[in-house]
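In our numbering, the protein residues as written are 125 to 237.
Shown next as structure tokens:
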């Protein structure tokens with residue numbers, strides 16, 4: 125009975141991890157394509173739109189990585205997870221900071237007009 129539950133948990137975690145990664149990639153692709161279209165139309169909000177997409181995508185990818193720790197067997201898995209989460213969190217913080225600065229510049233530019 126316990127083996128059945130363990131196999132069920134493994135399947136749920138593996139498919140959940142795959143679903144979260146797939147969702148993150150879809151979000152990233154959508155925002156990249158729409159960002160290019162916005163850029164071609166000279167929309168000044170395109171960097172903000174793409175930044176939000178990257179940030180949201182990273183959050184889904186981090187969720188998938190965290191979910192994968194449910195089945196982690198060795199310390200190397202936890203180290204790999206810690207490094208990945210730290211890198212993605214740092215990227216998310218930097219992107220958020222850049223978006224704030226970009227938004228501030230756009231507001232100042234609009235006030236000047």
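Glycine included, every Cβ here is placed at the ideal spot set by N, Cα and C.
- Pairing residue 182 with residue 212 gives a Cβ-Cβ distance under 8 Å.
- The Cβ atoms of residue 178 and residue 152 sit closer than 8 Å to each other.
- A contact between stretches requires three or more CB pairs, one per stretch, nearer than 8 Å, and the region 193 to 202 fails this requirement with the region 144 to 158.
- Judged by beta-carbon spacing, residue 195 lies beyond the 8 Å limit of residue 157, meaning their Cβ atoms are not closer than that value.
- Distance from the CA atom of residue 227 to the CA atom of residue 197, rounded to whole angstroms, is 44 Å.
- CA-to-CA, the gap between residue 154 and residue 132 works out to about 32 Å.
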